[in-house]
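If you're matching them up, the sequences are chains A and B in order.
For the first sequence, the working numbering gives the first residue as 526, with consecutive numbering after it.
For the second sequence, the working numbering gives the first residue as 9, with consecutive numbering after it.
C-beta: ideal position from N, C-alpha, C; glycine also.
In what follows, a structure is listed as structure tokens, so that the remarks can point back to it.
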Amino acid sequence: MTMPSDRRTFLAQSLGALAGVALLPHAMDAAPLWQGTPRKMALIGAGRQGRAILTELLNIPVVEVAAICDVVPARAEAAAGRLKGAETFTDHRALLEKRPDVEAVFVATPTHLHRGIVEDALQAGRHVFCESPLASTIDDARGIAAAAAASKQVCHAGFQGRSNPMYRRAQRLMLTELRDLVSMRAQWNRKTSWRFPAPEGLSARDANWRLDPEVSLGLPGEVGAQQFDVAHWYRGAYPVRVSGRGAVRLHNDGRKVADTVSLDLEWADGISLRYDATLANSFGSQYEVFSGANGTIQLAWSHGWLFKEADAPTQGWEVYATRQQVLNDEGIVLLADATKLAAQGELKAGAGLPHSSLYYALADFVKSVTEGAPVACSAEEGARATIVGILAHEAVVSGRTIDIPSFG
Amino acid sequence: MQRFATAAMGTRFELVLAAGGGDPVAAGEAALAEIHECHARFSRFAADSLVSHIARSGAARAVRLDRHTFELFADALAVWRASEGAFDITVAPLMAVHGHGASAVGSSRRTGSERLELDEERWTITVRGADVGLDFGAIAKGHALDLAAAVLRDAGVTAALMHGGTSSVVAIGAPEGARGWPVAVKLGASRRTLVLRDAALSVSDPSSHTGSAGAPHVMDPRADAPVSRSRPVAVQGPSARLCDAWSTALAVLGRTPDGFPGGYTAIFETTTP
């Protein structure tokens, strides 16, 4: 139904005004204002994720990508060709040595190569954004955390949930709206082989490291860890054990790494997170669901909904909230930047975040570097989330229940 | 032959790989991933798309673009000028008014590409006025196909055919033993078969789709209204995005203007139904 613009504006502004107590985060969460002259930074690893980082950095005006490094020269040059004036390197040590004006690096190489690069960059006095998961072994994850602890530089682990305004908003609602947490579940579904073309100069095995059982963390470690970390953050605690199973259900191309997995991560209080991920079906894509005695929060990176139980107390702001029907339930749409949108008369039903989840993680890192803002996801937090992912993968591979060590 | 398909940009993209590519599955999926990236960047219905970002921020400050996107804007503005305004990517408000969806950033916008300012030195775009609405519906499919074709070529593919919604087509090489890829083109009541080899094709027929208000889906930005009289047309040439933009422009104009580029061929409907 189309609402007259004057009424929509009225409701939007009412929402912005009244729901600030519980529903709306600070507008700056969603739309940081960038000030100051551009600071030189560099990308290390110009594969698909590296290129996604470059695209998002264009939206952060205080960042100038001055250098791009990739072991495949053609890939570094192709990525640099998308920007103005970036120098290319094929060795990260040469970049660190020859470009002292570069004060921060984004590390987006294959997971198992992170540690050496992160340690070299910190040692060279550069701030580091390291993609998640941090490493493919527990030793490497702990090594990165130790290097960060010994450094004065910013070291940000790329677990995006902790920077995402929608997830920050939901974290506060977890405390006020759900009451007692009952259960958690999450999924990540895509229809893809996880195979990538090998550029000249790179072997097929290196190009497809996610399918290499020697170094891959499989679906639990490579994608699940991002979602598990939302539960770690919300719960303020890590799971104590994980069990799982997996199989190759669709992509029978000789791979050993499962294309479909199911996991149970259990916390000390008995509450568990049920997790499913597959490369064989895309239905439902990616989401996390947190259910409590008074309601359920469903999050899908750029969107979020709150479903209240009928007997739950009603808050005043709910009268003005935007709602959507999802099967048999009516959800209150969570709006992460509603105050700003309402002020601009731009609030639309169901509007998602104005930027990708990756943007907010990068923006938090840049704010730490340029403004001294607290690190949104530290290397220590990243290492813990990575270790949970590693052990979840091990549970799938071994078919055993794995105890997760206490992180103290 | 390997076949792939995906849903993006409100339609179905299909890809047939006939030859080349060390790992055809990897190559095909990489091409589809490129199409999805374009979908995410150029959707006017998603708040986190580049189009919505420019609409929100482009009037306040210059928005930085990557080279591919800058070239897309440059081509769009070049076709706008050469077509005497018959093709215009600021047509979003007109589309919304005539029942072709509301954008994620409001619908009270005005048309006019003269309000877009590209900086060739810095690869930025600035929007003059806060009420410009961008719609890449008449060029984004072709742009996505051009980028996807580049991905396939980089992966070593030597023979492939891709289309988006059957109205935009790109051919790489030819199937073994053939001159090219035969593509049947229906323009109104007339029908012909074109053979494509390392070429693109786009078809525009304003009467083929109508919006919720019953208006054709092609707008005439010069008249601020849906096209009233139009000729179905196909454009063949090297770039899919230019074929896309020009097929829309020619459908609106009903003729080829002086600025129609060399290396491209326009095929109008020859039989009136």
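query: Does the Cβ of B/Pro229 have 16 or more other Cβ atoms within 10 Å, making it buried, or fewer, making it exposed?
result: Here B/Pro229 is buried, its C-beta having at least 16 other C-beta atoms within 10 Å.
query: Helix, strand or coil for A/Tyr857 per DSSP?
result: Looking at the sequence shown, residue 857 of chain A is not Tyr but Ile. Here A/Ile857 sits in strand by DSSP.
task: Under 8 Å by Cβ, that's how I've got A/Val653 and A/Val630 pegged, so tell me the actual separation to the nearest angstrom.
output: Their Cβ separation, rounded to whole angstroms, is 6 Å, which keeps A/Val653 and A/Val630 in contact under 8 Å.
task: Tell me, please, whether the CB atom of A/Pro930 is closer than 8 Å to any CB atom in chain B?
output: No, because no Cβ of chain B sits closer than 8 Å to the Cβ of A/Pro930.
query: With C-beta atoms as the reference, is A/Ile472 less than 8 Å away from A/Thr613?
result: Residue coverage of chain A in this structure runs from 526 to 933, which leaves residue 472 of chain A outside it and unanswerable.
message: Once DSSP output is grouped into helix, strand and coil, what is the label at A/Ser741?
response: The answer is coil: DSSP assigns A/Ser741 none of H, G, I, E or B.
message: By the 7 Å beta-carbon criterion, what residues does the segment 676-690 of chain A contribute toward chain C?
response: Protein chains in the displayed structure are A and B, and chain C is not among them.
query: By how many angstroms is the C-alpha of A/Gln823 removed from the C-alpha of A/Arg697?
result: Rounded to the nearest whole angstrom, the CA to CA distance from A/Arg697 to A/Gln823 is 14 Å.
task: Using a Cβ-Cβ cut-off of less than 8 Å, list which residues of the segment 72-98 of chain B approach chain A; keep chain order.
output: Of all residues in the segment 72-98 of chain B, the ones placed with a Cβ closer than 8 Å to any Cβ belonging to chain A are Arg72, Leu73, Asp74, Arg75 and His76, in chain order.
- prompt: Counting Cβ pairs closer than 8 Å, one from the segment 76-85 of chain B and one from the segment 118-129 of chain B, do we hit at least three?
  reply: The segment 76-85 of chain B, when compared against the segment 118-129 of chain B, does touch it at the 8 Å Cβ threshold.
C-alpha gap between B/Trp131 and A/Pro879, whole angstroms: Approximately 22 Å, taken between the alpha carbons.
task: For B/Thr174, count neighbouring Cβ atoms within 10 angstroms of its own Cβ and tell me buried if that reaches 16, exposed if not.
output: Exposed, by the Cβ-count rule.
query: Name the chain B residues whose beta carbon is nearer than 8 Å to that of A/Asn714?
result: Think of a sphere of 8 Å around the beta carbon of A/Asn714: no beta carbon from chain B falls inside it, the nearest being about 15 Å out.
query: Looking only at C-alpha atoms, which of A/Val632, A/Leu583, A/Arg618 and A/Ile569 sits nearest to A/Glu602?
result: Proximity to A/Glu602 across A/Val632, A/Leu583, A/Arg618 and A/Ile569 peaks at A/Ile569, based on C-alpha coordinates.
query: For A/Glu834, which residues of its own chain have a beta-carbon under 6 Å away from its beta-carbon, when the five flanking residues on both sides are left out?
result: Close CB contacts of A/Glu834 within its chain, under the 6 Å cut and outside five residues either way in sequence, are with Asn819 and Gly820 (chain order).
- prompt: Whose C-alpha, out of A/Cys680, A/Asp664 and A/Ala756, is nearest the C-alpha of A/Glu656?
  reply: Closest by alpha carbon: A/Cys680.
- prompt: Whole-angstrom Cβ separation of B/Leu261 and B/Ser91, contact assumed at under 8 Å?
  reply: Contact holds; Cβ gap of about 7 Å.
query: Does DSSP classify A/Gln574 as helix, strand or coil?
result: Here A/Gln574 carries a helix assignment [DSSP, helix/strand/coil].
query: Do you know how far the Cα of A/Ala802 is from the Cα of A/Ser718?
result: Each residue's alpha carbon lies about 13 Å from the other.
query: If you draw a straight line from the alpha carbon of B/Gly245 to that of B/Ala208, how long is it in whole angstroms?
result: Rounded to whole angstroms, B/Gly245 to B/Ala208 spans 5 Å at the Cα level.
message: Can you list, in chain order, the residues of its chain with a C-beta nearer than 7 Å to that of A/Ala908? Leave out the 5 residues immediately preceding and following it.
response: Correct list, in chain order: Leu659, Ala666, Arg667, Ile669 and Ala670.
query: Which term fits B/Phe95, buried or exposed, when burial requires 16 or more other beta carbons within 10 angstroms of its beta carbon?
result: Counting Cβ neighbours within 10 Å, B/Phe95 comes out buried, since at least 16 surround it.
query: What span of residues does the beta strand (DSSP E) with A/Thr895 cover, start to end?
result: No beta strand (DSSP E) contains A/Thr895, which is instead part of the alpha helix (DSSP H) from Ser882 to Glu896.
- request: Return the CA-CA distance between B/Thr19 and B/Thr119, expressed in angstroms with no decimal places.
  value: For the pair B/Thr19 and B/Thr119, the Cα-to-Cα distance works out to about 25 Å.
query: What are the residues that DSSP puts in a beta bridge with A/Gly683?
result: Note: A/Gly683 sits in a beta bridge opposite A/Glu656.
DSSP three-state assignment for A/Phe614, whether helix, strand or coil: Residue state, collapsed to three classes: strand.
query: Given B/Ile62, which residues of its chain have a CB within under 8 Å of its CB, disregarding the five upstream and five downstream residues?
result: Only residues of its own chain outside the window of five on either side were considered, and among them Val71, Ile133, Val135 and Leu142 have a CB closer than 8 Å to the CB of B/Ile62, listed in chain order.
field: Identity of the residues DSSP links to A/Lys833 by a beta bridge
entry: According to DSSP, which records beta bridges pairwise, A/Lys833 is partnered with A/Gly820.
message: According to DSSP, simplified to helix, strand and coil, what is A/Gln712?
response: Residue state, collapsed to three classes: strand.
message: Judging by CA-CA distance, which residue of B/Arg11, B/Ile180, B/Leu153 and B/Pro269 is the nearest neighbour of B/Trp88?
response: Answer by Cα proximity: B/Pro269.
- request: Starting from B/Ile180, trace the beta strand (DSSP E) both ways and give me its first and last residue.
  value: From DSSP, the beta strand (DSSP E) with B/Ile180 extends over Ser176 to Ile180.
- request: State the DSSP-derived secondary structure class of B/Pro32, mapped to helix, strand or coil.
  value: DSSP places B/Pro32 in helix when its eight states are reduced to three.
Local conformation of B/Tyr272 per DSSP, three classes: Looking at B/Tyr272 - three-state DSSP - the assignment turns out to be coil, as it is neither helix nor strand.
field: Inter-residue spacing [alpha-carbon to alpha-carbon] between A/Tyr692 and A/Ala756
entry: Rounded to whole angstroms, the gap between the alpha carbons of A/Tyr692 and A/Ala756 is 11 Å.
query: Should B/Phe21 and B/Gly137 be called a contact, given that it needs their Cβ atoms to be closer than 8 Å?
result: In this structure, B/Phe21 lies away from B/Gly137, with their beta-carbon atoms at least 8 Å apart.
query: Using Cβ-Cβ distances below 8 Å, what residues of the segment 701-731 of chain A are close to chain B?
result: Answer in chain order: Thr717, Ser718, Arg720, Phe721, Pro722, Ala723, Pro724 and Ala729.
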